[in-house]
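First residue of the sequence shown? That's 26 in the numbering used here, and the numbers climb one at a time after it.
A quick write-up on the structure given underneath.
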Amino acid sequence: MEAEGLKENSDSLLVVYRILGNFETRGVMLQKYLQKINQLKQGFKEVEFIKIPRTKNGNAHALTKLASAIYSHLTKEVLVEVQTQRTIDEVVIMEIKDDPG
């Protein structure tokens, strides 16, 4: 089963408006991310990006609080992995396609 549509809610005006083309996307890296988003959008029949007010983003905020409470027994140690290249520059080594037949 594959998703036919994508609905993205974001409380970031800059992100949504850049994706929609309402704001100019400056900088090489931001343009690469925008190109990647546009490429990924091609895999869906319908794509919708919606700007929601931060005051209406309570569900996402509640999920982060819930996750913090559930895992509160874990160590507070933060592991850091240093990336040698940006994720947008990653080279696809192998692509696996599921053959339903």
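Glycine included, every Cβ here is placed at the ideal spot set by N, Cα and C.
C-alpha distance - residue i paired with residue j, whole-angstrom precision
i	j	result
Lys32	Lys61	17 angstroms
Asn47	Asn63	15 angstroms
Val107	Asp123	32 angstroms
Lys90	Asn84	10 angstroms
Val40	Val105	26 angstroms
Gly52	Gln67	23 angstroms
Ile113	Leu45	20 angstroms
Residue i classed as buried or exposed, judged by whether at least 16 other C-beta atoms fall within 10 angstroms
i	result
Arg43	buried
8 angstroms Cβ shell around residue i - same chain, five flanking residues per side excluded
i	result
Gly30	Phe69, Lys70, Glu71, Val72 and Glu73
Thr50	Arg43, Gln56 and Leu59
Contacts around residue i, its chain only, beta-carbon distance under 6 angstroms, and the 5 residues preceding and following it disregarded
i	result
Lys76	Leu38 and Val41
Neighbourhood of residue i by C-beta distance below 7 angstroms, restricted to the same chain and skipping five residues each side
i	result
Arg111	Met54
Ala28	Phe69
- Query: Quick check: the region 66–85 against the region 32–49, are there 3 or more CB pairs under 8 angstroms?
  - Reply: yes
- Pair every Cβ in the region 54–70 with every Cβ in the region 95–102, then say whether three or more of these pairs are closer than 8 angstroms. Here the region 54–70 makes no contact with the region 95–102; the two share fewer than three CB pairs at distances below 8 angstroms.
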